[in-house]
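Note that the sequence shown covers residues 3 to 154 in the numbering used here.
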Amino acid sequence: MKSLLALINALENKLPFAEQKKESVSLVTVGWHIEHSLMALIKMVSAVEHSNPADYKGKFNLKRSIVLTLGKIPRGKAKAPEAVKPGEEINMANITGLLAKAKQKAELFEKLSADKFFTHPVFGDVRIKQARRVIAIHTQHHIKIINDILSS
Numbered sequence: 003m004k005s006l007l008a009l010i011n012a013l014e015n016k017l018p019f020a021e022q023k024k025e026s027v028s029l030v031t032v033g034w035h036i037e038h039s040l041m042a043l044i045k046m047v048s049a050v051e052h053s054n055p056a057d058y059k060g061k062f063n064l065k066r067s068i069v070l071t072l073g074k075i076p077r078g079k080a081k082a083p084e085a086v087k088p089g090e091e092i093n094m095a096n097i098t099g100l101l102a103k104a105k106q107k108a109e110l111f112e113k114l115s116a117d118k119f120f121t122h123p124v125f126g127d128v129r130i131k132q133a134r135r136v137i138a139i140h141t142q143h144h145i146k147i148i149n150d151i152l153s154s
């Protein structure tokens with residue numbers, strides 16, 4: 003599995019195509035997918051960073067198990083939460099700022115203790131080892147959509 007930094011760099015490499023859209027693949031632009039992916043990564047890493055290990059409530063979650071086992075998220079099955087939903091207009095300055103912040107968060111993530119976690123809206127509490135995989139799977143999901151938008 004690619005490192006978080008490698009995935010962020012892959013998103014950054016798609017910036018020249020931010021305005022492109024292919025409605026047969028996605029109703030939103032490449033820029034939207036880049037911005038959403040960065041917002042989600044930052045939010046998840048921040049949640050892990052500020053978590054209190056004593057609050058962790060581990061329990062079986064079928065959807066989490068399926069996604070982690072398959073290593074992919076099915077398309078069209080979920081909607082982005084408002085907190086990580088970009089606006090309608092692509093703002094390159096905002097995306098550039100998010101890229102810098104995401105890179106900082108990716109470096110920080112590698113230094114966090116193994117008992118840290120975050121609470122995912124669908125998967126429940128996810129410890130840092132699985133959190134890394136959830137973040138990577140989510141980012142790769144959007145990179146695949148971007149690649150499909152760009153393929154002709």
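A virtual CB, placed ideally from N, CA and C, is assigned to each residue, including glycine.
Could you work out which residue in Ile130, Gly78 and Asp117 is closest to Ala56 when comparing CA atoms only? Sequence index remark: in the sequence shown, residue 56 carries index 54 (1-based). Checked all of Ile130, Gly78 and Asp117; the closest Cα to Ala56 is Asp117.
Secondary structure, beta strand (DSSP E): runs of 3+ residues fully inside the region 80-149: 119-122 and 126-129
CA-to-CA distance, Phe62 to Asn11, given in whole angstroms: Stepping through the sequence shown from its first residue, residue 11 is reached at position 9. Stepping through the sequence shown from its first residue, residue 62 is reached at position 60. Those two C-alpha atoms are separated by around 33 Å.
From what residue to what residue does the alpha helix (DSSP H) around Arg66 run? Mapped onto the sequence shown, residue 66 falls at position 64. Counting along the chain, the alpha helix (DSSP H) containing Arg66 begins and ends at Leu64 to Leu72.
Chain D within 8 Å of Ser39, Cβ atoms only: No chain D appears in this structure, which consists of one protein chain only.
Spatially closest choice to Glu51 from Leu110, Gln132, Ser5 and Lys79, by CA coordinates: In the sequence shown, the residue the question calls residue 51 occupies position 49. Nearest C-alpha to Glu51: Leu110.
Using 8 Å for Cβ pairs, my map puts Ile151 next to Lys24. What's the rounded Cβ distance? Numbered from its first residue, the sequence shown carries residue 151 at position 149. Numbered from its first residue, the sequence shown carries residue 24 at position 22. That pair is a contact at about 5 Å.
With three or more C-beta pairs closer than 8 Å as the rule, is the region 63-75 touching the region 16-33? In short, these stretches do not touch, since the Cβ pair count stays below three.
Helix or strand or just coil, what does DSSP make of Leu23? Counting from one through the sequence shown, the residue named residue 23 turns up at place 21. Going by the sequence as given, residue 23 is Lys instead of Leu. DSSP places Lys23 in coil when its eight states are reduced to three.
Neighbourhood of Ala80 by C-beta, 8 Å cutoff - its chain only, sequence neighbours within 5 removed: Position 78 of the sequence shown, counting from 1, holds the residue named residue 80. Within the same chain, Cβ atoms closer than 8 Å to the Cβ of Ala80 are found at Val124, the five residues on either side in sequence being excluded.
Classify Pro18 as buried or exposed, calling it buried when 16 or more other Cβ atoms lie within 10 Å of its own Cβ. Here residue 18 refers to the residue found at position 16 of the sequence shown. Classification for Pro18: exposed.
Tell me whether the beta-carbon of His140 lies closer than 8 Å to the beta-carbon of Ile36. Your numbering for residue 140 matches position 138 in the sequence shown. Your numbering for residue 36 matches position 34 in the sequence shown. Result no, Cβ atoms of His140 and Ile36 do not sit closer than 8 Å.
Just the C-alpha distance for Val27 and Lys146, rounded to the nearest angstrom, thanks. Within the sequence shown, residue 27 is the residue found at index 25, counting from 1. Within the sequence shown, residue 146 is the residue found at index 144, counting from 1. Answer to the nearest angstrom: the Cα atoms are 10 Å apart.
As assigned by DSSP and simplified to three states, the class of Met3: Here residue 3 refers to the residue found at position 1 of the sequence shown. Met3 falls in the coil class under three-state DSSP.
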